[in-house]
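Contents: one structure, followed by commentary.
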Amino acid sequence: MSANFSTLERTISHGVVQHPIPSGDEAIFPQLTEAGPHTDAFQQETNTGLVLASEVEPHSSSGSPTSTLVHSAKDPEKGGVDAKLVTFVEGDPSNPRNFSKTKKWTATLLATLLCFDSGFASSIITGGLTPMRQQFNVSADVINLSVCLFVVGFGVGPLFFAPLSEMYGRRVIYLISMAFFFVFTIPCAVAQNVETLIICRFFAGLGASAPMTNAGGTIGDVWAVNERGNKMATFSSILFASPCLGPLVGGYIAESVSWRWIYWVLLIFSGFCWLVAFAFLPETYAPTILRWRAEQLRKETGDDTIQTEQERQRRSAADIAKESLLRPLQMLFTEPIMICFSGYLCLIYGLLYAFFFAYPIVFEEGHGFSYGQVGLTFLSILVGIVLVGAFACPLQERYYQRKIVEGGGSTVPETRLPLMMICSLLLRESA
């Protein structure tokens, strides 16, 4: 075995397929770009699947508090022996970018399905808020907290799940978080007081936030930048379409059976989504896949110098959590484009959830609609989302691809903005 590895050490520097070193935002936020992880190690494909750490040039983005440098190539804990970094081999089917189209679409659609489940769960109970309020004998403001705190969970969850996905991969976080959501939905179905309902809804929202956090990363893992347009458009459409279906389904369940059956139906659907994800959702985070490979190689060879870049960084959970918390805040307060986007999305999402509380007042109390009929009023929003997905998104993608050709294979991210700016005017006209 040692003889084989001596030969391997002499050959791992050959047959390397080089890729451009990321810079700027690609270096700071690799999971959101085509550039990949922090150094060349994850952007190389070799004949052997290993590369000497001393041959990997570390890089950083000057002035960035989130930049990360690779540790010294010769690890003093290993007697100064040059470490071997695990890479993908050429054409490696384990590389998420080399997945078959079927496997890429499977990962994309399953991540999107989990997002649909989360969005659907946030609003389905609005169809039964009135009977819930009557049974618990509380005000509308109190029962509305069952929706509000679920959405608050959406905001709190990413603080935990984003760094955990970088440490353990995306698949395990999807499965654990959605199981967490499932478990805390059960007490909602059998709650005997409003306090139990509201508290458990918060924790359910906490678990349901993981797909919202990681689905975009999953899409970025498997698709190159110039391939992501329609996939991200599908994901974004689901984020807004799924809450619009909730009041419709929940309303008819509440008037046909009881409000408790809203939660039982949600549990059945969520359990189905979890089982499908457990069976078919692949791991797509490259550092995690390489870490598994390194662990297997160390076990088979006994060579502890075989490592991944992620292992060499030896970042603690606290460091990753700190970076994951500070990085978006840094972007939010230093990038004008982020301020505009965040404000715009907050306005849209806030309006959507305000409708969930306003429509029952207008149509149920004011016009005598049934619970299910109130849910039908949200179909107009859903129709708008479908029309945008059917017509506007293909036009945007065609425009983007044309700009890529004109730019010699690349274009600026702002190329995706013009159609969005035009369509944003429709929000004002709809008011």
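Residue numbers for the sequence shown follow our numbering, beginning at 17 and rising by one. Even glycine gets a Cβ: it sits at the ideal position worked out from N, Cα and C. Here the structure is a predicted model, which is why all the values come from computation and not from measurement.
- Message: Quick check for students: name the residue ranges of the alpha helix (DSSP H) that lie wholly in the stretch 340-393, counting only runs of 4 or more.
- Response: 352-375 and 387-392
- Message: What does the alpha-carbon distance come out to for the pair P344 and V273?
- Response: 44 Å
- Message: What does DSSP give as the partner residue(s) for K100 in the beta ladder?
- Response: L68 and I322
- Exposure of P259, with buried meaning 16 or more beta-carbon neighbours within 10 Å: buried
- Count the other CB atoms within 10 Å of the CB of T393; is the residue buried (16 or more) or exposed (fewer)? buried
- Is V428 helix, strand or coil by DSSP? Three-state result, V428: coil.
- Give the range of the alpha helix (DSSP H) segment to which P112 is assigned. From DSSP, P112 is part of no alpha helix (DSSP H); its letter is neither H nor E.
- Could you spell out the range, first to last residue, of the alpha helix (DSSP H) harbouring V154? Careful: V154 lies outside any alpha helix (DSSP H) and carries neither H nor E.
- Task: Kindly indicate which three-state DSSP category V273 falls into: helix, strand or coil?
- Result: Correct three-state label for V273: coil.
- Message: Quick check on the burial criterion: 16 or more other C-beta atoms within 10 angstroms. Buried or exposed for A406?
- Response: exposed
- Query: Can the beta-carbon of G233 be found closer than 8 Å to that of R244?
  - Reply: no
- Query: Going by the CB atoms, is the gap between Y301 and R113 shorter than 8 Å?
  - Reply: no
- Query: Any contact of the stretch 265-282 with the stretch 202-217, i.e. 3+ C-beta pairs under 8 Å?
  - Reply: yes
- Message: Which residue marks the beginning of the alpha helix (DSSP H) containing W239, and which one marks its end?
- Response: Per DSSP, W239 belongs to no alpha helix (DSSP H) and is neither H nor E.
- Message: Please classify C289 as buried or exposed, where buried requires at least 16 neighbouring CB atoms within 10 angstroms.
- Response: buried
- Item | The alpha helix (DSSP H) enclosing E182, as first and last residue numbers | P174 to Y184
- Message: Taking 7 Å as the limit between beta carbons, can you name the residues of its chain near A257, skipping five residues before and five after?
- Response: Contacts found: L398 and I401.
- Along the alpha helix (DSSP H) that carries P410, what are the first and last residues, could you check? C409 to E422
- Query: With 16 other CB atoms within 10 Å as the buried threshold, where does A270 fall?
  - Reply: When all chains shown are included, A270 counts as buried.
- Query: Looking at the unbroken alpha helix (DSSP H) that takes in R314, where does it start and where does it end?
  - Reply: A302 to T317
- Cβ-based burial, D157 [other Cβ within 10 Å; buried from 16]: Classification for D157: exposed.
- Give the straight-line distance between the Cα atoms of G143 and R328, rounded to the nearest whole angstrom. 51 Å
- Item | Unbroken alpha helix (DSSP H) run spanning V399, endpoints | L395 to L403
- Query: Is P434 helix, strand or coil when you go by DSSP?
  - Reply: helix
- Message: DSSP three-state label for I211, please.
- Response: Sequence inspection shows Glu at residue 211; the Ile mentioned does not correspond to that position. Looking at E211 - three-state DSSP - the assignment turns out to be helix.
- Task: For R444, name the three-state secondary structure that DSSP assigns.
- Result: helix
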